[in-house]
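K.L.:
Numbered according to the numbering used here, the sequence shown spans residues 23 to 190.
All residues carry an ideal CB built from backbone N, CA and C; glycine is no exception.
Keep in mind it's a predicted model, so treat the numbers as computed, not measured.
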Amino acid sequence: QSVSMLYEAATHDEKTGLYNNKFFETVLEMEMEKAKRHQQKLSLLITDIDFFKRINDTYGHMKADELLACLAKVLMKEARKSDVVARFGGEEFVILLPETDINKAKKFAERLRQATKKDKMLKEHELTFSGGLTEYKKGDTKLKFKERADKGLYKAKDTGRDKIIAVK
Numbered sequence: 023q024s025v026s027m028l029y030e031a032a033t034h035d036e037k038t039g040l041y042n043n044k045f046f047e048t049v050l051e052m053e054m055e056k057a058k059r060h061q062q063k064l065s066l067l068i069t070d071i072d073f074f075k076r077i078n079d080t081y082g083h084m085k086a087d088e089l090l091a092c093l094a095k096v097l098m099k100e101a102r103k104s105d106v107v108a109r110f111g112g113e114e115f116v117i118l119l120p121e122t123d124i125n126k127a128k129k130f131a132e133r134l135r136q137a138t139k140k141d142k143m144l145k146e147h148e149l150t151f152s153g154g155l156t157e158y159k160k161g162d163t164k165l166k167f168k169e170r171a172d173k174g175l176y177k178a179k180d181t182g183r184d185k186i187i188a189v190k
């Protein structure tokens, strides 16, 4: 039981219950290798809560943490068992979508955005997120793969937020 508790603490984020970034990086490497070896599709979504500082300043850190946990539940509810959902940073989340091309990933990302808008608590606090999406290309390094998704995220932020931008 204590080994199981240690594993949980080492691989999961304490505020959201999602995988942590360290675990995500390990899985990302394995999934990229699998995509390369078996010519499988693999997509990556990086999201960031819009105007999170304003939420912190308006409602305080405790409420902000509660909203992070609420969003994490929505993300997990919408994700498949094979998807890897992790907290990347403060208000950033990453979702790795194995065996998923960019078109299916776009539909998934839009479903996430809509599910966020339907959640009672998130809706009440007008919480939205922006995201960047990309698909693995042969020859990608982890850095290139993540940078493309990040480029989409920044474009979404720069062009009005509350949207997902795919970068090929």
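Following the continuous alpha helix (DSSP H) through S8, name the residue where it begins and the one where it ends.
P.N.:
For residue 8 there is no data in the structure shown, the boundaries of the chain being 23 and 190.
K.L.:
Report yes or no: do the segment 136-146 and the segment 52-59 share at least 3 C-beta pairs separated by less than 8 Å?
P.N.:
Result no; under three Cβ-Cβ pairs closer than 8 Å.
K.L.:
In terms of residues, what are the limits of the beta strand (DSSP E) holding R109?
P.N.:
On the sequence shown, residue 109 is found 87 positions in, with the first residue counted as 1. Segment V106 to R109, the beta strand (DSSP E) holding R109.
K.L.:
Count the other CB atoms, across all protein chains shown, that sit within 10 Å of the CB of A131; report buried if there are 16 or more and exposed otherwise.
P.N.:
For this step, residue 131 is matched to residue 109 along the sequence shown. So A131 counts as buried.
K.L.:
Comparing alpha-carbon positions, which option in K126, A108 and D172 lies nearest A94?
P.N.:
On the sequence shown, residue 94 is found 72 positions in, with the first residue counted as 1. Out of K126, A108 and D172, A108 has the C-alpha closest to the C-alpha of A94.
K.L.:
Assuming the contact rule is C-beta atoms closer than 8 Å, F46 and V116 should be a hit. Round their C-beta distance to whole Å, please.
P.N.:
Within the sequence shown, numbered from 1, the residue matching residue 46 stands at position 24. Within the sequence shown, numbered from 1, the residue matching residue 116 stands at position 94. Confirmed, Cβ separation roughly 6 Å.
K.L.:
Which same chain residues, not among the five before or five after L144, have their C-beta less than 8 Å away from its C-beta?
P.N.:
Your numbering for residue 144 matches position 122 in the sequence shown. L89, C92, L93, V96 and T138, listed in sequence order.
K.L.:
Who does T156 pair with in a DSSP beta bridge?
P.N.:
The residue given as residue 156 occupies position 134 in the sequence shown. Paired residue(s): L66 and V189.
K.L.:
Would you call the segment 144-158 and the segment 25-45 in contact, with 3 or more CB pairs under 8 Å?
P.N.:
Contact between the segment 144-158 and the segment 25-45 is absent, because fewer than three Cβ pairs lie under 8 Å.
K.L.:
Return the Cβ separation of L8 and I186 in integer angstroms, given the expectation that the two are a contact with Cβ distance under 8 Å.
P.N.:
What the structure shows of the chain is the stretch from 23 to 190, and residue 8 is not part of that stretch, so it cannot be assessed.
K.L.:
I need the boundaries of the alpha helix (DSSP H) containing F74, first residue and last residue.
P.N.:
Along the sequence shown, read from residue 1 onward, the residue named residue 74 stands at position 52. Where F74 is concerned, the enclosing alpha helix (DSSP H) stretches over F74 to Y81.
K.L.:
Excluding the 5 residues flanking R102 on each side, which residues of the same chain have their C-beta closer than 7 Å to its C-beta?
P.N.:
Translated into the one-based positions of the sequence shown, residue 102 becomes position 80. Closer than 7 Å at Cβ, skipping near neighbours: no residue.
K.L.:
Anyone know if the C-beta pair for E114 and D79 falls short of 9 Å?
P.N.:
Within the sequence shown, numbered from 1, the residue matching residue 114 stands at position 92. Within the sequence shown, numbered from 1, the residue matching residue 79 stands at position 57. Taking 9 Å as the Cβ cut-off, E114 and D79 do not qualify as a contacting pair.
K.L.:
Taking only the alpha-carbon atoms, compute the straight-line gap between Y176 and T163 and give it to the nearest angstrom.
P.N.:
On the sequence shown, residue 176 is found 154 positions in, with the first residue counted as 1. On the sequence shown, residue 163 is found 141 positions in, with the first residue counted as 1. So the alpha carbons of these two residues sit roughly 20 Å apart.
K.L.:
Measure the C-alpha to C-alpha separation of G112 and E169 and round it to an integer number of angstroms.
P.N.:
Here the question's residue 112 lines up with position 90 in the sequence shown. Here the question's residue 169 lines up with position 147 in the sequence shown. Approximately 18 Å, taken between the alpha carbons.
K.L.:
Rounded to the nearest angstrom, what separates H60 and P120 at their Cα positions?
P.N.:
Residue 60 sits at position 38 when you count from the first residue of the sequence shown. Residue 120 sits at position 98 when you count from the first residue of the sequence shown. About 12 Å.
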